[in-house]
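Engineer: Supplied in structure tokens, the structure appears directly below.
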Amino acid sequence: MSFPRSRIAPVMVALVSGLALGALGALAGKFHNPVFHVLSLVFSGGWSWACFGFLVGSFRQSKIESTWLASSALAIGVIAYYLLKDFTPVTPIGTPVYGDPNGSNISSGIFVWGIAALVFGAPMGLLGNLAKTPGVGGLPFRLLIPLIAFFETYWRLDIEGSSAGSVAVITWSTIQVIAVVAAVSLAGHTVWRWRYSARQTDGQA
Numbered sequence: 001m002s003f004p005r006s007r008i009a010p011v012m013v014a015l016v017s018g019l020a021l022g023a024l025g026a027l028a029g030k031f032h033n034p035v036f037h038v039l040s041l042v043f044s045g046g047w048s049w050a051c052f053g054f055l056v057g058s059f060r061q062s063k064i065e066s067t068w069l070a071s072s073a074l075a076i077g078v079i080a081y082y083l084l085k086d087f088t089p090v091t092p093i094g095t096p097v098y099g100d101p102n103g104s105n106i107s108s109g110i111f112v113w114g115i116a117a118l119v120f121g122a123p124m125g126l127l128g129n130l131a132k133t134p135g136v137g138g139l140p141f142r143l144l145i146p147l148i149a150f151f152e153t154y155w156r157l158d159i160e161g162s163s164a165g166s167v168a169v170i171t172w173s174t175i176q177v178i179a180v181v182a183a184v185s186l187a188g189h190t191v192w193r194w195r196y197s198a199r200q201t202d203g204q205a
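Just so you know, we're using the working numbering here: the sequence shown kicks off at 1 and counts up by one.
Laid out in structure tokens, this is it:
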């Protein structure tokens, strides 16, 4: 069985993007710089990984392909994340250090979160595919990622805010605001399109 390039290319893009997600999340935490700190907070958060799986599913036509591709890309991201956290320089100016004395933690992290990526990535991909449903029917699915981002950052601010530092607090608070704006915008756009369609239908009656 042969697969056309038009089908292989999007699959490879999704898998490479998963690799990049894991790499960026791991490497950003290696540098003592506010910009990299923000990137580490963003790309190490559960909501950003959920968003990635959701987006992978939203770009595929087949629901089956959306599920397995999202979970596979997330699993690759998990492997890259833990391997690069172990096999990278530990300080911006220091000597590269290879291997982690807690290597068993790396293996267990890959195993636990790899399984989680496969299990939860599939429904996220499917939900991303369902989010393409036009109108009010697809709105609950489109609101999913803003809601996940809002509640995760709310929880982090509540539990970790006092000890996480100002950069983390500002980052999580900003994500919360963006999530609320995105949810309101998505809901408003859907309502506007629904009312516009209703007026068009009435005008043709």
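Don't be surprised by glycine CBs; every beta carbon is placed ideally from N, CA and C.
Let me confirm a value: G18 is counted as buried when at least 16 other C-beta atoms fall within 10 Å, else exposed. Which label applies?
Structural biologist: In the sequence shown, counting from the first residue as 1, residue 18 sits at position 18. Burial call: buried.
Engineer: Taking the alpha-carbon of L130 as reference, which of A75, G45, F54 and S108 has the nearest alpha-carbon?
Structural biologist: Mapped onto the sequence shown, residue 130 falls at position 130. The residue with the shortest Cα to Cα distance from L130 is F54.
Engineer: Could you tell me whether the segment 18-33 touches the segment 67-78, using the rule of 3 or more Cβ pairs below 8 angstroms?
Structural biologist: The answer is yes - the segment 67-78 touches the segment 18-33, with three or more Cβ pairs under 8 angstroms.
Engineer: What separation, rounded to the nearest whole angstrom, lies between the Cα atoms of L21 and M124?
Structural biologist: Looking up residue 21 in the sequence shown gives position 21. Looking up residue 124 in the sequence shown gives position 124. If I take the Cα positions, the gap works out to 16 angstroms.
Engineer: Can you give me the start and stop residues for the alpha helix (DSSP H) that S44 sits inside?
Structural biologist: As a first step, residue 44 is located in the sequence shown; it is residue number 44 there, counting from the start. Here S44 belongs to no alpha helix (DSSP H), and DSSP marks it neither H nor E.
Engineer: Where do the ends of the alpha helix (DSSP H) carrying A164 lie?
Structural biologist: Reading the sequence shown from its first residue, position 164 is the one you call residue 164. Looking at the DSSP string, the run of the alpha helix (DSSP H) that includes A164 is L144 to A164.
Engineer: Applying the 10 Å Cβ sphere with the 16-neighbour rule, what's the burial state of A149?
Structural biologist: One-based indexing of the sequence shown puts residue 149 at position 149. Classification of A149: buried, given that the 10 Å Cβ count is 16 or more.
Engineer: Leaving aside the five residues before and after G114 along the sequence, list all residues of the same chain whose C-beta is less than 6 angstroms from its C-beta, in chain order.
Structural biologist: Here residue 114 refers to the residue found at position 114 of the sequence shown. Around G114: A75 and V78.
Engineer: Please classify S162: is it buried, with 16 or more other beta-carbons within 10 angstroms of its beta-carbon, or exposed?
Structural biologist: As a first step, residue 162 must be located in the sequence shown, where it is residue number 162. Result: exposed.
Engineer: How would you call T153, buried or exposed, if buried means at least 16 neighbouring beta carbons within 10 angstroms?
Structural biologist: Along the sequence shown, one-based indexing puts residue 153 at 153. Result: buried.
Engineer: Go ahead and label K63 buried or exposed: buried means 16 or more other beta carbons lie within 10 angstroms of its beta carbon, across all protein chains shown.
Structural biologist: What you label residue 63 is simply residue 63 of the sequence shown in a count that begins at 1. Per the 10 Å Cβ criterion, exposed.
Engineer: Going by DSSP in three states, S58 sits in which element: helix, strand or coil?
Structural biologist: Position 58 of the sequence shown holds residue 58. Helix.
Engineer: Residues in the same chain with beta-carbon distance under 6 angstroms from G138, minus the five sequence neighbours each way, listed in chain order, please.
Structural biologist: Within the sequence shown, the letter at position 138 stands for residue 138. Excluding positions up to five away in sequence, the list reads A131.
Engineer: Quick check: what's the CA-CA separation for I106 versus S40?
Structural biologist: Within the sequence shown, numbered from 1, the residue matching residue 106 stands at position 106. Within the sequence shown, numbered from 1, the residue matching residue 40 stands at position 40. Distance between the alpha carbons of I106 and S40 is about 18 angstroms.
Engineer: Can you find the residues in the same chain that come closer than 7 angstroms, C-beta to C-beta, to P101, ignoring five residues on each side of it along the sequence?
Structural biologist: Counting from one through the sequence shown, the residue named residue 101 turns up at place 101. Note that P101 scores 48 on pLDDT, short of 50, meaning its location in the model is unreliable; the coordinates nonetheless yield the value given after this. Cβ within range, chain order: n/a, list empty.
Engineer: CA-CA distance, R60 and A182?
Structural biologist: Here residue 60 refers to the residue found at position 60 when the sequence shown is read from its first residue. Here residue 182 refers to the residue found at position 182 when the sequence shown is read from its first residue. When rounded, the distance between both Cα atoms is 22 angstroms.
Engineer: Looking at the structure shown, is G29 part of a helix, part of a strand, or coil, going by DSSP?
Structural biologist: Here residue 29 is taken as the residue at index 29 of the sequence shown, counted from 1. Reduced to three states, the DSSP call for G29 is coil.
Engineer: Look at the alpha carbon of V119 and the alpha carbon of S71, and state the distance between them as a whole number of angstroms.
Structural biologist: Taking the sequence shown and counting its residues from 1, one reaches residue 119 at position 119. Taking the sequence shown and counting its residues from 1, one reaches residue 71 at position 71. Rounded to the nearest angstrom, the two C-alpha atoms are 7 angstroms apart.
Engineer: Consult DSSP for W49 and reduce its assignment to one of helix, strand or coil.
Structural biologist: Counting from one through the sequence shown, the residue named residue 49 turns up at place 49. In the structure shown, W49 sits in a helix (DSSP, three-state: H, G or I).
Engineer: Determine whether the beta carbon atoms of G135 and K85 lie at a separation below 9 angstroms.
Structural biologist: The residue you call residue 135 lines up with position 135 of the sequence shown. The residue you call residue 85 lines up with position 85 of the sequence shown. Result no, Cβ atoms of G135 and K85 do not sit closer than 9 angstroms.
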